[in-house]
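Just add 3 to the spot in the sequence shown (first one is 1) and you have the numbering used here. Below is one structure, written out as structure tokens; the observations come after it.
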Amino acid sequence: MSDVLQTRKLNAGYGDFQALFDVDFEIAEGEVVALVGANGAGKTTFLRSLTGLLATQGQDITFQGAPIAGLPAFRIARLGMALSPEGRRLFPSLSVEENLLLGATVGRNGYWTLDTVRGLFPILREKAAVPATLLSGGQQQMVAIGRALMSNPALLLLDEVSLGLAPVIVRDIYAALPQIRDSGAAVIMVEQDIGTAMSVSDRLYCLQEGRVSLTGRSADLDRAMLSAAYFGKTRDVA
Ligand code: ATP
């Protein structure tokens with residue numbers, strides 16, 4: 004399987020503050036890769052660097068075989084990368100359906116349409132005309148993911164899906180991952196909950212203070228290793 008995305012020695016930050024240090028990362032077609040780490044470890048900064056929301060001039064980021072560092076966010080989106088952001092960022096005055104349709108205005112044609120997204124999350128059909136922000140937190144999360152899917156991304160970035168949601172809702176949402184993967188998209192999921200991250204991902208990276216402190220196949224890792232990687236030394240489980 005070929006890599007959808009690869010970074011080599013990615014550095015990023017805010018002004019004089021460096022938040023990421025030499026991050027080497029790759030994800031192949033059809034893979035679900037979790038990115039975990041403590042608050043402030045750099046997970047969101049990493050996603051922002053990939054999407055072009057944070058300037059990464061001169062960095063080494065390859066997306067579907069082409070360098071993308073320094074491209075504006077809308078061009079990277081058009082190439083097939085979509086972000087479901089932390090906090091969901093839905094348009095409050097728009098209905099569920101209108102929020103979903105907005106996702107289709109960038110990106111490409113493909114498997115994901117209003118119909119297939121509603122097949123994935125049937126509640127979104129029922130709530131089509133309801134203002135998005137009147138939905139429950141879990142339903143809003145489904146809209147945010149659905150909106151990202153509407154652009155038919157080759158790479159879907161999920162930032163903190165589980166934030167503020169009950170475990171049973173989180174499980175329902177992550178149950179959509181196999182179908183998303185079958186549609187051909189690779190998925191990077193930022194997740195605070197280690198157990199969830201380990202159980203739904205193929206591989207995992209742990210960031211600690213901006214550096215990769217652990218990487219490996221999720222099935223080969225255990226909680227003790229991961230806990231150490233949150234605060235401890237760099238390790239690589241091949
Ligand atoms: P969380 O789980 O809290 O979202 P995170 O792993 O996503 O954490 P980031 O949000 O990427 O971490 O933050 C990494 C570092 O960059 C932190 O030290 C944070 O304070 C800093 N940082 C994040 N955003 C900004 C910003 N806009 N300006 C300055 N520093 C920032």
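For every residue, glycine included, the Cβ atom is placed at its ideal position computed from N, Cα and C. Just so we're clear, the structure is a prediction, and the values are computed from it rather than from any experiment.
Nonlocal neighbours in the same chain, by C-beta distance under 8 angstroms from ALA22, ignoring five residues either side = ALA15, GLY16, GLY45, THR48 and GLY213.
Can you grab the Cα-Cα spacing for the pair LEU53 / ARG81, in whole Å?
-> Using only the alpha carbons, I get a separation of about 13 angstroms.
Mapping DSSP to helix, strand and coil, what is ALA41?
-> Looking at ALA41 - three-state DSSP - the assignment turns out to be coil, as it is neither helix nor strand.
Neighbourhood of ALA151 by C-beta, 7 angstroms cutoff - its chain only, sequence neighbours within 5 removed | Cβ neighbours of ALA151 beyond the five flanking positions: ALA85, LEU86, SER87, GLY106 and LEU159.
Taking all protein chains shown into account, decide if LYS12 is buried (16 or more other Cβ within 10 angstroms of its Cβ) or exposed.
-> When all chains shown are included, LYS12 counts as exposed.
Along the chain, which unbroken stretches of the beta strand (DSSP E) at least 3 residues long are found entirely within the region 77-121?
-> The region 77-121 contains, as complete beta strand (DSSP E) runs of 3+ residues, the segments 84-87 (chain order).
Anticipated Cβ contact below 8 angstroms, VAL190 with ILE197, distance rounded = Actually they do not touch by this definition, with Cβ atoms about 17 angstroms apart.
Does the beta carbon of GLY45 fall short of 7 angstroms from some heavy atom of ligand 1?
-> The answer is yes for GLY45.
Using 10 angstroms around the beta-carbon of LEU38, count the other beta-carbons present and answer buried if the total reaches 16, otherwise exposed.
-> It counts as buried.
ARG226 and ARG206: beta carbons closer than 8 angstroms?
-> Going by C-beta atoms, ARG226 is not nearer than 8 angstroms to ARG206.
According to DSSP, residues forming a beta bridge with LEU158 | Looking at the DSSP assignment, LEU158 forms a beta bridge with MET84 and ALA189.
If we ignore side chains and look at the alpha-carbon of each, how far apart do ASP323 and TRP115 end up?
-> For the chain, the structure presents residues 4 to 241; residue 323 sits outside this window and is missing.
Among all the DSSP beta bridges, which residues are the ones paired with PHE28?
-> THR10, per the DSSP bridge assignment.
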